[in-house]
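Worksheet: the structure to be examined is printed underneath.
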Amino acid sequence: MNELSDAQRVERAARARRAIEEFLAPALGRAHETFSARLKDICAREPWAADRIAALANAIRILEELGKDLEAAIHDGDAAAQALLRAEKYERLTPARRRLLGIGPF
Numbered sequence: 001m002n003e004l005s006d007a008q009r010v011e012r013a014a015r016a017r018r019a020i021e022e023f024l025a026p027a028l029g030r031a032h033e034t035f036s037a038r039l040k041d042i043c044a045r046e047p048w049a050a051d052r053i054a055a056l057a058n059a060i061r062i063l064e065e066l067g068k069d070l071e072a073a074i075h076d077g078d079a080a081a082q083a084l085l086r087a088e089k090y091e092r093l094t095p096a097r098r099r100l101l102g103i104g105p106f
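Put into C-alpha cells, the structure is as follows:
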C-alpha cells in the first residue's frame with residue numbers, strides 16, 4: 001500500500017478498525033439508509049426525476065466505495081500481520097530445516 005513496514009501496517013489497520021467500528025460504520029450506515037430511503041421515495045413518487053435519482057444513486061455508490069476503501073486498510077494490516085507471523089516462524093527454524101525447505105543458503 002505505502003512504504004510502511006509490516007509492523008506499521010498492522011498498527012495502522014488496528015487504528016482504522018477502531019475508528020471504523022466506533023465512528024465511521026454507524027455514520028456511513030445511517031447515511032446509506034437515509035439515501036436509500038430517499039431514493040426509493042423519489043422512484044415511487046417522481047419516477048421522471050432522473051437527475052435526482054441519479055444523484056442519490058451516485059451518493060450511495062460513493063458511500064459504498066468509501067466503505068470498501070476503509071476495509072482495504074484493515075485487510076492490508078491483516079496481511080502484514082500474517083507476514084510478520086511467517087517471518088517469526090522462519091526465524092525459529094534451524095539452519096538445517098531452512099535448507100530442507102529451500103529458504104536458507106546451502
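If you read the sequence shown in UniProt numbering, its first letter stands for residue 1, the second for the next number, and so on.
Each residue gets a CB set at the ideal place from its N, CA and C atoms; glycine is no exception.
DSSP places T94 in no alpha helix (DSSP H); its state is neither H nor E.
The continuous alpha helix (DSSP H) containing A25 extends over residues A25 to R45.
For R15, the closest C-alpha among the options R97, E71 and R99 is that of E71. Bounds of the alpha helix (DSSP H) holding E11 are D6 to A19. DSSP places E3 outside both helix and strand once states are collapsed to three, so it counts as coil. Taken atom to atom, the span from the alpha-carbon of A79 to that of F23 is near 24 Å. With a cut-off of 8 Å on Cβ pairs, the stretch 59-67 is in contact with the stretch 22-36, counting three or more such pairs.
A13 and L84 do not touch by the CB rule: their CB atoms are close to 12 Å apart, not below 8 Å.
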